[in-house]
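In the order they appear, the protein sequences are chains A and B.
When we follow numbering that gives the first Met the number 0, the leftmost residue of the first sequence carries the number 0, and every step to the right adds one.
When we follow numbering that gives the first Met the number 0, the leftmost residue of the second sequence carries the number 0, and every step to the right adds one.
One structure below.
Number of protein chains: 2
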Amino acid sequence: MENRTEISEIGEFGLIEHLTKNFEIQNISTIVGVGDDAAVIDHFGKQTVITTDLLLDGVHFDLMYTPLKHLGYKSIVVNLSDIYAMNAQPTQVTVSIGISNRFSVEALNELYEGIYAACEKYGVDLVGGDTSTSKKGMVISVTAIGEVAPDKFVKRSTAQKGDLICVSGDLGGAFLGLTLMEREKKIFLENPQIQPNLEGEDYIVGRLLKPEARRDIIAFFEKNNITPTAMMDISDGLSSEVLHLCKQSNLGCRLYEDKLPIDDRSRAAAFKFGLDPTVCALNGGEDYELVFTLKQEDYEAITINEEIAVVGYMTDPKEGKKMISRGGNLFDITAQGWNAFHA
Amino acid sequence: MENRTEISEIGEFGLIEHLTKNFEIQNISTIVGVGDDAAVIDHFGKQTVITTDLLLDGVHFDLMYTPLKHLGYKSIVVNLSDIYAMNAQPTQVTVSIGISNRFSVEALNELYEGIYAACEKYGVDLVGGDTSTSKKGMVISVTAIGEVAPDKFVKRSTAQKGDLICVSGDLGGAFLGLTLMEREKKIFLENPQIQPNLEGEDYIVGRLLKPEARRDIIAFFEKNNITPTAMMDISDGLSSEVLHLCKQSNLGCRLYEDKLPIDDRSRAAAFKFGLDPTVCALNGGEDYELVFTLKQEDYEAITINEEIAVVGYMTDPKEGKKMISRGGNLFDITAQGWNAFHA
């Protein structure tokens, strides 16, 4: 039988202490960590990068099929992804949690196990935050801090006409994982005797529940002396992000349907669910891949990296934001997806 | 008639743009602000200080008597207070908001008016954050960043035996404001015809709804070359905070009841509500004053500042954590309050 310790037995202050006691500092820039009014970070000669994300129960995650450890891991990763998307290195995080007392201390331990696992993997220090009671549901707020050499950061607004549009990894998997989980949840709610069937779907389930941030791509840039002209991470779907790049850089774009990186396992799942893999890749969110633009002369340098696909190029704004389909037709890219599929 | 714009009419991305469009950067260290994956901050030769706070509807604030503008203002101030409590200067904030769609864009505007007013008053830049839907209630998560010259930051754990314990401003007012508001709310809920009666109670209501962070105290230290040996802000009540200082510095303490700074208007309100002003000062939270310890030789230097009261001194841990009452008796200080009052 599992132990259940009520949060009230430990109290708020005891809880922070309990949850953070085994955490070891990994960055020399971390001067004061958890346990004071604020953390102190030394960033001599570097610029500080900061991002924050709020994850709400029932909106950003569903506790019915999200193990707490995975949730903790993902809540860190999605923030680190934003730091990498600035071409920076994450160094510290703060985590604030609001929880109702229906959660036990053991449940919180699990959540923090995931938080720690992500911090350890990515070499970041947990330096602050708090826990507080919520009336209902769970709230996770993470802020990530990173550092970057002056003027090495990459914004969204600095793409140039003719630049190549590149994507890391593959797209659509997380959305297909979500589709699967929602389908199994519905079946389970209608008939609790039927156990979820996730067989053979490890890949898309993993893409949803345990995403990784693309530290390797930033390291590759560094090693090969490549600086993207613009970059952002893909949390809301490629269409939406490319439209941001276009808008903020005041440009248009062309994407090629046949260049979109889609894993075979995602493609198979899409067909099984009666979905178009292209739509999943364009509009499915939560993949936490990077989309970035590169000067054409950098093309050679990236061909050695199999994790990077060139999917299109930036154009004059007058040419609009379009995708060229496999059949050679031109379609408008929209934030809600590729219009043709909604027609 | 007031306008009501549904949040869905603007959409999430439009919303951030709408809410942040008039915000001007005040700190030269703010290199990239709102509108990218992360903000970029230049802290050459200074250390970065970071703190975060989660404010939850129904737990940390009650929308029934908290105007949204005040709520926005307070959500910034409580974080800046943590930065000042490190003897640092706040420079940037990020704000994430989770809201249900029962709020209109106009309501959010009001909230942001308060956020901006606080940012302007304290000279900090809003550099990031997001808005997202919540299923129920409102969630506000603020992270504040500050800077401090290397080794000028003041922790909680560095008080020394014999150091003076000092408090800024006065205590108990915010708790009395809360008591008043809760009383009027109860009356109103029982009989909606009766309008709240807050006459003559501006002071305590203001202490609750529009607290200020003690930037002036930090400026006074700087000007007079004073460095506290330990410091924290008073958000949970003086008793609780002094116990933190004792625990983290591994010391005991003596407080003097007759030295506790209590405003006459708070004292009058306490008597009206049948409460002991000392209990309110010790255990009432949310005053956002500073409690700090000083070397005895700094005593002379602080006497010129009427906003600072010496309320006791740090002792050997063996002597316990005690308060000497007006009558000369010794009582244990506890986080839930002064034990004598619970007997």
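Even for Gly, the Cβ is constructed at its ideal location relative to N, Cα and C.
1) What's the C-alpha gap between residue 24 of chain A and residue 187 of chain A?
2) By the 10 Å Cβ neighbour count, where 16 or more other Cβ atoms means buried, how is residue 78 of chain B classified, buried or exposed?
3) Kindly indicate which residue of A/183, A/156, A/35 and A/104 has the alpha-carbon position closest to the one of residue 64 of chain A.
4) Measure from the alpha carbon of residue 279 of chain A to the alpha carbon of each residue in A/193, A/253, A/173 and A/52, then state which is nearest.
5) For residue 110 of chain B, count the other beta carbons within 10 Å of its own beta carbon; 16 or more makes it buried, fewer makes it exposed. Which is it?
6) Which word fits residue 51 of chain B, buried or exposed, when buried means at least 16 other C-beta atoms lie within 10 angstroms of its C-beta?
7) What residue range does the alpha helix (DSSP H) around residue 250 of chain B cover?
8) Is residue 128 of chain B close to chain A, meaning its C-beta is less than 7 Å from at least one C-beta of that chain?
9) Any C-beta of chain A sitting closer than 7 Å to the C-beta of residue 17 of chain B?
10) Over the uninterrupted beta strand (DSSP E) stretch that includes residue 312 of chain B, give me the two end residues.
11) Taking Cβ to Cβ, would you say residue 42 of chain A is nearer than 7 Å to residue 146 of chain A?
12) Once DSSP output is grouped into helix, strand and coil, what is the label at residue 167 of chain A?
13) Using a Cβ-Cβ cut-off of 7 Å (strictly less than) and excluding sequence neighbours within five positions of residue 262 of chain B, which residues of its own chain qualify?
14) Are there 16 or more other CB atoms within 10 angstroms of the CB of residue 88 of chain A, so buried, or fewer, so exposed?
15) By Cβ distance below 7 Å, which residues in the same chain neighbour residue 304 of chain A in space, the five residues on each side in sequence not counted?
16) Step through the CB atoms of chain B and report whether any lies within less than 7 Å of the CB of residue 212 of chain A.
17) Contact criterion: CB-CB distance below 7 Å. Does residue 40 of chain B meet it with respect to chain A?
18) Kindly indicate if chain B contains any beta-carbon less than 7 Å away from that of residue 295 of chain A.
19) What are the residues in the stretch 25-39 of chain B lying within 9 Å of chain A by C-beta distance?
20) If residue 310 of chain B sits next to residue 165 of chain B, beta carbons under 8 Å apart, how far is it from one beta carbon to the other, in whole angstroms?
21) So for residue 277 of chain B, helix, strand or coil by DSSP?
22) Find the residues of chain A that neighbour residue 157 of chain B, judging by a C-beta separation of less than 7 Å, and give them in chain order.
23) Determine the chain A residues that contact residue 82 of chain B at a beta-carbon separation under 7 Å, and present them in chain order.
24) Would you call the CB atoms of residue 289 of chain A and residue 216 of chain A closer than 7 Å?
25) Could you give the first and the last residue of the continuous beta strand (DSSP E) run that contains residue 48 of chain B?
26) Within 7 Å (strictly less), CB to CB, does residue 97 of chain A reach chain B?
27) Could you list which residues in chain A have their beta carbon closer than 9 Å to that of residue 147 of chain B, in chain order?
28) Output yes or no for whether 7 Å exceeds the beta carbon distance between residue 313 of chain A and residue 36 of chain B.
29) Shortest alpha-carbon distance to residue 213 of chain B belongs to which of B/102, B/104, B/297 and B/286?
30) Give the C-beta separation of residue 91 of chain B and residue 144 of chain B to the nearest angstrom, bearing in mind that I take them to be a contact with Cβ-Cβ under 8 Å.
31) Going by C-alpha to C-alpha distance, which of A/138, A/231, A/189 and A/245 sits closest to residue 100 of chain A?
32) Find the nearest neighbour of residue 180 of chain A within the set A/155, A/207 and A/325, judged by alpha-carbon distance.
33) Tell me whether residue 40 of chain B sits in a helix, a strand or coil according to DSSP, three-state version.
34) Mind listing the chain B neighbours of residue 231 of chain A? Cutoff is C-beta to C-beta under 9 Å, in chain order.
35) Taking all protein chains shown into account, do 16 or more other C-beta atoms lie within 10 angstroms of the C-beta of residue 282 of chain B, making it buried, or fewer, making it exposed?
From the atom records:
1) Residue numbering aside, residue 24 of chain A sits at position 25 when the first sequence is read from its first letter. Residue numbering aside, residue 187 of chain A sits at position 188 when the first sequence is read from its first letter. So the two alpha carbons sit approximately 43 Å from each other.
2) Along the second sequence, read from residue 1 onward, the residue named residue 78 of chain B stands at position 79. Buried is the call here.
3) Indexing the first sequence from 1 puts residue 64 of chain A at position 65. The candidate whose alpha carbon is nearest that of residue 64 of chain A is A/183.
4) Your numbering for residue 279 of chain A matches position 280 in the first sequence. Residue A/173 is the option with its Cα nearest to residue 279 of chain A.
5) Counting from 1 along the second sequence, the entry for residue 110 of chain B is found at position 111. Label assigned to residue 110 of chain B: buried.
6) Residue 51 of chain B sits at position 52 when you count from the first residue of the second sequence. Counting C-beta atoms within 10 angstroms of its own C-beta, residue 51 of chain B has 16 or more neighbours from the protein chains shown and is therefore classed as buried.
7) Within the second sequence, numbered from 1, the residue matching residue 250 of chain B stands at position 251. No alpha helix (DSSP H) contains residue 250 of chain B, which DSSP labels as neither H nor E.
8) Residue 128 of chain B sits at position 129 when you count from the first residue of the second sequence. For residue 128 of chain B, the answer is yes, since a Cβ of chain A falls inside 7 Å of its Cβ.
9) On the second sequence, position 18 is the one that residue 17 of chain B refers to. With 7 Å as the cut-off, residue 17 of chain B does not count as an interface residue toward chain A.
10) Working through the second sequence from its first residue, we reach residue 312 of chain B at position 313. From DSSP, the beta strand (DSSP E) with residue 312 of chain B extends over 307-314.
11) Position 43 of the first sequence, counting from 1, holds the residue named residue 42 of chain A. Position 147 of the first sequence, counting from 1, holds the residue named residue 146 of chain A. Yes. Within cutoff.
12) As a working mapping, residue 167 of chain A is identified with position 168 in the first sequence. Residue 167 of chain A falls in the strand class under three-state DSSP.
13) Within the second sequence, the letter at position 263 stands for residue 262 of chain B. Contacts found: 169, 172 and 202.
14) Residue 88 of chain A sits at position 89 when you count from the first residue of the first sequence. Buried.
15) On the first sequence, position 305 is the one that residue 304 of chain A refers to. Contacts found: 219.
16) Within the first sequence, the letter at position 213 stands for residue 212 of chain A. Chain B, which has no Cβ nearer than 7 Å to the Cβ of residue 212 of chain A, makes this no.
17) For the purposes of this step, residue 40 of chain B is taken as residue 41 along the second sequence, with counting starting at 1. Closer than 7 Å: yes.
18) Sequence index remark: in the first sequence, residue 295 of chain A carries index 296 (1-based). It does not; no Cβ of chain B falls within 7 Å.
19) 28, 30, 31, 34, 35, 36, 37, 38 and 39
20) Taking the second sequence and counting its residues from 1, one reaches residue 310 of chain B at position 311. Taking the second sequence and counting its residues from 1, one reaches residue 165 of chain B at position 166. 7 Å between Cβ atoms; contact.
21) The sequence position of residue 277 of chain B within the second sequence is 278, counting from 1. The answer is helix: DSSP assigns residue 277 of chain B an H, G or I state.
22) For the purposes of this step, residue 157 of chain B is taken as the residue at position 158 of the second sequence. Ordered by position in chain A, no residue passes the 7 Å Cβ test against residue 157 of chain B, which lies about 10 Å from the chain.
23) The residue labelled residue 82 of chain B in the question sits at position 83 within the second sequence. Chain A residues near residue 82 of chain B: 37.
24) Taking the first sequence and counting its residues from 1, one reaches residue 289 of chain A at position 290. Taking the first sequence and counting its residues from 1, one reaches residue 216 of chain A at position 217. Contact: yes.
25) For this step, residue 48 of chain B is matched to residue 49 along the second sequence. Unbroken beta strand (DSSP E) run through residue 48 of chain B: 46-55.
26) Against the first sequence, residue 97 of chain A aligns to sequence position 98. With 7 Å as the cut-off, residue 97 of chain A counts as an interface residue toward chain B.
27) Within the second sequence, the letter at position 148 stands for residue 147 of chain B. Chain A residues near residue 147 of chain B: 39.
28) Residue mapping note: residue 313 of chain A aligns to position 314 of the first sequence, counting from 1. Residue mapping note: residue 36 of chain B aligns to position 37 of the second sequence, counting from 1. Their beta carbons are not under 7 Å apart, which means residue 313 of chain A does not touch residue 36 of chain B by this criterion.
29) Position 214 of the second sequence, counted from the first residue, corresponds to residue 213 of chain B. Measuring from the Cα of residue 213 of chain B, the nearest candidate turns out to be B/286.
30) Here the question's residue 91 of chain B lines up with position 92 in the second sequence. Here the question's residue 144 of chain B lines up with position 145 in the second sequence. Indeed they touch by this definition, with Cβ atoms about 4 Å apart.
31) Residue mapping note: residue 100 of chain A aligns to position 101 of the first sequence, counting from 1. For residue 100 of chain A, the nearest C-alpha among the options comes from A/138.
32) Residue numbering aside, residue 180 of chain A sits at position 181 when the first sequence is read from its first letter. Ranking A/155, A/207 and A/325 by Cα distance to residue 180 of chain A puts A/207 first.
33) Along the second sequence, read from residue 1 onward, the residue named residue 40 of chain B stands at position 41. Residue 40 of chain B falls in the strand class under three-state DSSP.
34) Your numbering for residue 231 of chain A matches position 232 in the first sequence. Result: 35 and 36.
35) Sequence index remark: in the second sequence, residue 282 of chain B carries index 283 (1-based). With 16 or more Cβ atoms within 10 Å of its Cβ, residue 282 of chain B is classed as buried.
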